[in-house]
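Student: Going letter by letter, the sequence shown gives residues 1 to 654 in the UniProt record's numbering. Think of the CB as a built atom: it goes at the ideal place given N, C-alpha and C, for glycine as much as any other residue. Please read all numbers here as calculations on a predicted model, not as lab measurements.
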Amino acid sequence: MEAPKYPEKEPKPVAVRRKDRPPPRAYNTERIGPKYLEKEPKPYAEHSSAHAVRLLVDESSASDESSYPIDQSGASHHSTSGYNPPMDWLLLKACSTGNLDQFEQLILHDPNIVLSVTPHRNNCLHIAAMLGRDKFAMEVWSRFPLLFSLTNKDGETPLMAALMAANQALASDMLNAASELLQHDIEAGQQFNNMLLQTDKRGDNALHHAIRNGFEDLALELLEKNQHLSVKPNKIAESPMCMAARKGYSKVVERLLEIPSAVDSGPRNYSALHTAVAAGHTDIIKKLLNGRPELAKSTADDGYTPLACAVSNNNLEIVKILLKHDPGLAYVKNRTGETPFHVAALNGFVPIAEEIISTCPDSAYITHEKYSTNALHIAINNEQPKFVDFILKTPQLHRLINRDDKDGDLPLHYAARKCNSEILRSLLSYKGQDYTANNANNNNAVDEVMAMKKLLKTLKWNESFTLVPSAWRNAAGDKAKKEIKKQAIQKVASLTARYTSNTSLVAALIATITFAAAFTLPGGFSNDPSDAGLPIFARKVAFQAFLISDTIAMCSSLAVAFLCILATWEDLDYLLNYRKTTRALMWCAYSATTVAFGTGLFTVMAPERLWLAIFILVLSCILPFISKIIGDWPKIMVRLRVGRQFRSDLVPNI
């Protein structure tokens, strides 16, 4: 069907919108007719597209207000005379799909439309770059290069949009095309350089975006275009060098080191060397040490030097590199007063500590800046038993064992406060250990153990108290028992209520089960007239054992249930005896219940499946003893470690 003919009309001049009229609605598609399709667009050589856009803007400057006023939020927005008409949905569709023909029709009818933007101030070049319409974007840029420097509400240029969309090919094409333009137009070249240095609302420039999105080659290309990209960090204080060191881009770091003004800082004063150490990039670390050796002694806001950072990450290879570069780094304290050897002790990294003392033997003797603690104090305070053993097995470190801090506390005092039996045993195995030493408060190791009142009723405290040798331990033991009793009195009401509730519930359950089992006997009752009403297996030994154990279980559980009723009296001695008695009765009821279960099944199964009956009986009989051993296992292990010195009277049943 032939397209309808439209009468020839002269193109209308650009209209000036009045203040009292609302912004124009979507573009009228009826204005695009066959006569516009028949017209050939003017070749690029006839007029400069940049000049054309300037003319369009000059004509549009008569407008009193723009449809989307310029955002003054602080981002580096650039607009031409402040005029940015709203983007027609047809143009938005053409940019989104990369439809050049439709784009040509729209700009032939209204050249100003090329300056239109979305509500987020994205122009047609932004949209094409975001959606990967490379051919469309390059065609638009070649005709309207001014769009290249315009930014959206986030302060992003089309180049940044391409980089954030991981479109390396388009970003590279834009840079190459811009480079060709630089050779012919000085003014355009200056605009291009200004565009490269623009930052978005996060303070990131094009180099930041290239490195963040993994475009190492493009980052090198950007540095060739403008070295000033390396000078300014973003709003979180991360420089391109720091970012490249984190990403592991060795070539970019090497190129940045060639630029004297390139910034090497990162967030919280972490330098590029800190970042490379944290990321574990050894090749970049070597380049940074050669290019900027002063970074080796830089300190971050948390007080960590690069060597302390490597030690805390347990990276032995990097520690060796840093110590080889400068052995004096082992003596450098961070802002919290700790040396790298202290950091190794804090984390329990023995191989790193060995490397440090092999390079700088006396660095291990340095004490904390504020507390005068040595590495052994720090290792014990952070409960690192392997590091403690390392110090005890290294003769050159034995001088740390009896060295006190500013409060007169030896490492033994620290171990006593922690009630760590493993560390205490290791320290006391050293013959030169002074276990009688008093600190500034005139307390010895036993006094420090006694001071841990929160741990008094624990096996951990009991074992620690037993290990510490002292002439006053017996007297201290009596004092400990009094303190334990005092604590028990304070908590007796709440503890007894909870214990009684749980115990009575279990006792009632066992009583119910055993009572029901007594009237549903295994095998049932005999129908023989001579034995009518008697159990079928009444003469079997296993059945008789079933009856006895079931009776014991029911009686024991009923006794416990009755005692729980009497548990309202808050006398401590009575309650201690009450708990001891009910626990014994509950264990008896539990054991008898399992035996009753085993003997009952044995009675029924033995005639047909003897092996299965034996297995069930044996398992049922040994289960109570296995449960008892598992429940008392921590106490058994302490008895085995301590021997006869174990004080069972200091482990009350509270």
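#1: For the alpha helix (DSSP H) that contains T520, what are its first and last residues?
#2: Going by other Cβ atoms of all chains shown within 10 Å of its Cβ, with 16 needed for buried, is T373 buried or exposed?
#3: Quick one: Cα of G303 to Cα of C309, how far?
#4: Consult DSSP for S116 and reduce its assignment to one of helix, strand or coil.
#5: Is it buried or exposed for S230, if we count other Cβ within 10 angstroms and need 16 for buried?
#6: To the nearest angstrom, how far is the alpha carbon of E238 from that of I629?
#7: Within the same chain, show all residues whose beta-carbon is closer than 7 Å to that of A561, passing over the 5 residues directly before and after it, in chain order.
#8: If I measure Cβ to Cβ from residue 677 and keep anything under 6 Å in the same chain, skipping five residues before and after, which residues do I get?
#9: Is the beta carbon of A210 closer than 7 Å to that of A219?
#10: At which residues does the alpha helix (DSSP H) containing D101 begin and terminate?
#11: Locate the alpha helix (DSSP H) running through I536, then write down its first and last residues.
#12: Nearest CA to the CA of residue 696: which residue from A518, L640, D632?
#13: Alpha carbon to alpha carbon, what distance is there between H342 and A75?
#14: Can you round the beta-carbon distance between D200 and D134 to whole angstroms, since I take them to be within the 8 Å contact cut?
#15: Determine which residues share a DSSP beta bridge with S265 and list them.
#16: Just how far apart, CA to CA, sit S116 and R212?
#17: Taking DSSP as the reference, what is the three-state secondary structure of P86?
#18: Indicate whether T496 and L585 have their beta-carbon atoms separated by less than 7 Å.
#19: With distance defined between alpha-carbon atoms, name the residue in E221, A178, N167, H228 nearest to L197.
#20: With P327 and T359 assumed to form a contact (beta carbons below 8 Å), what rounded beta-carbon distance in angstroms separates them?
#21: Nearest CA to the CA of A344: which residue from W89, A445, N382, R335?
#22: Which same chain residues, not among the five before or five after A165, have their C-beta less than 7 Å away from its C-beta?
#23: Measure the alpha-carbon distance for N442 versus V388 and round it to whole angstroms.
#24: Determine the extent of the alpha helix (DSSP H) in which Q544 is found, giving its start and end residues.
#25: By the three-class DSSP mapping on this structure, what secondary structure does D204 have?
#26: Do you know whose CA, among P385, T336, P361, lies nearest F349's CA?
#27: Helix, strand or coil for S620? Go by DSSP, reduced to three states.
#28: Check R609 in the structure and name its three-state DSSP category.
#29: Run the CB neighbour count on T436, radius 10 Å, all protein chains shown included, and call it buried at 16 or more, exposed below.
#30: Would you kindly check if the distance between the Cβ of A330 and the Cβ of S363 is under 7 Å?
#31: Find the nearest neighbour of M450 within the set H413, G266, R609, K287, judged by alpha-carbon distance.
#32: Assuming T275 and A245 form a contact by the criterion Cβ under 8 Å, report the distance between their Cβ atoms to the nearest whole angstrom.
#33: If you draw a straight line from the alpha carbon of T514 to that of L619, how long is it in whole angstroms?
#34: Taking the alpha carbon of I107 as the point to measure from, which residue in H120, R121, L92 has its own alpha carbon closest?
Tutor: By the coordinates alone:
#1: Reading the sequence shown from its first residue, position 520 is the one you call residue 520. Per DSSP, T520 belongs to no alpha helix (DSSP H) and is neither H nor E.
#2: Within the sequence shown, residue 373 is the residue found at index 373, counting from 1. Burial call: buried.
#3: Residue 303 sits at position 303 when you count from the first residue of the sequence shown. Residue 309 sits at position 309 when you count from the first residue of the sequence shown. Cα-Cα distance, rounded: 10 Å.
#4: Residue mapping note: residue 116 aligns to position 116 of the sequence shown, counting from 1. DSSP places S116 in coil when its eight states are reduced to three.
#5: On the sequence shown, residue 230 is found 230 positions in, with the first residue counted as 1. So S230 counts as buried.
#6: Residue 238 sits at position 238 when you count from the first residue of the sequence shown. Residue 629 sits at position 629 when you count from the first residue of the sequence shown. Their Cα atoms are separated by approximately 59 Å.
#7: Stepping through the sequence shown from its first residue, residue 561 is reached at position 561. These residues qualify, in order along the chain: S504, A507, A508, A511.
#8: No information on residue 677 is available, as it lies outside the stretch 1 to 654 that the chain covers here.
#9: Within the sequence shown, numbered from 1, the residue matching residue 219 stands at position 219. Within the sequence shown, numbered from 1, the residue matching residue 210 stands at position 210. Contact check for A219 against A210 passes: the beta carbons are separated by less than 7 Å.
#10: Against the sequence shown, residue 101 aligns to sequence position 101. Its alpha helix (DSSP H) spans residues 100-109.
#11: Counted from its first residue, the sequence shown places residue 536 at position 536. Note, I536: premise wrong, no alpha helix (DSSP H); not H, not E.
#12: With the chain represented from 1 up to 654, any question about residue 696 goes unanswered, as that position is not in the structure.
#13: As a working mapping, residue 75 is identified with position 75 in the sequence shown. As a working mapping, residue 342 is identified with position 342 in the sequence shown. Confidence is the limiting factor: at A75 the pLDDT is only 41, short of 50, which leaves the residue's position unreliable and the question unanswerable from this model.
#14: Taking the first residue of the sequence shown as 1, we reach residue 200 at position 200. Taking the first residue of the sequence shown as 1, we reach residue 134 at position 134. D200 to D134, Cβ: 22 Å. No contact.
#15: Reading the sequence shown from its first residue, position 265 is the one you call residue 265. DSSP output for S265 lists S271 as bridge partner(s).
#16: Indexing the sequence shown from 1 puts residue 116 at position 116. Indexing the sequence shown from 1 puts residue 212 at position 212. Cα-Cα distance, rounded: 30 Å.
#17: Residue 86 sits at position 86 when you count from the first residue of the sequence shown. Three-state result, P86: strand.
#18: Position 496 of the sequence shown, counted from the first residue, corresponds to residue 496. Position 585 of the sequence shown, counted from the first residue, corresponds to residue 585. Contact: no.
#19: Position 197 of the sequence shown, counted from the first residue, corresponds to residue 197. For the residues E221, A178, N167, H228, the minimum Cα distance to L197 belongs to H228.
#20: For the purposes of this step, residue 327 is identified with residue 327 of the sequence shown, where counting begins at 1. For the purposes of this step, residue 359 is identified with residue 359 of the sequence shown, where counting begins at 1. About 5 Å; that satisfies the 8 Å criterion.
#21: Mapped onto the sequence shown, residue 344 falls at position 344. Nearest C-alpha to A344: N382.
#22: For the purposes of this step, residue 165 is taken as residue 165 along the sequence shown, with counting starting at 1. Around A165, the same chain offers A129, M130, G132 as residues with beta carbons nearer than 7 Å, after the five sequence neighbours per side are excluded.
#23: To locate residue 442, count along the sequence shown from 1; it is residue 442. To locate residue 388, count along the sequence shown from 1; it is residue 388. Taking the straight line joining both Cα atoms gives about 25 Å.
#24: For the purposes of this step, residue 544 is taken as the residue at position 544 of the sequence shown. Its alpha helix (DSSP H) spans residues 541-565.
#25: Position 204 of the sequence shown holds residue 204. Secondary structure at D204: coil, using DSSP grouped into helix, strand and coil.
#26: Locating residue 349 in the sequence shown gives position 349, where the first residue counts as 1. It is P385 whose Cα lies nearest to the Cα of F349.
#27: For the purposes of this step, residue 620 is taken as the residue at position 620 of the sequence shown. If DSSP states are grouped into helix, strand and coil, S620 belongs with the helices.
#28: Position 609 of the sequence shown holds residue 609. Coil, per DSSP.
#29: Indexing the sequence shown from 1 puts residue 436 at position 436. Exposed, because fewer than 16 other Cβ atoms sit within 10 Å of the Cβ of T436.
#30: Walking along the sequence shown from the start, residue 363 turns up at place 363. Walking along the sequence shown from the start, residue 330 turns up at place 330. Going by C-beta atoms, S363 is nearer than 7 Å to A330.
#31: One-based indexing of the sequence shown puts residue 450 at position 450. The residue among H413, G266, R609, K287 with its C-alpha nearest the C-alpha of M450 is H413.
#32: Indexing the sequence shown from 1 puts residue 275 at position 275. Indexing the sequence shown from 1 puts residue 245 at position 245. About 5 Å separates the CB atoms of T275 and A245; that is less than 8 Å, so the two are in contact.
#33: Here residue 514 is taken as the residue at index 514 of the sequence shown, counted from 1. Here residue 619 is taken as the residue at index 619 of the sequence shown, counted from 1. Answer to the nearest angstrom: the Cα atoms are 19 Å apart.
#34: Working through the sequence shown from its first residue, we reach residue 107 at position 107. When only C-alpha atoms are compared, the closest one is L92.
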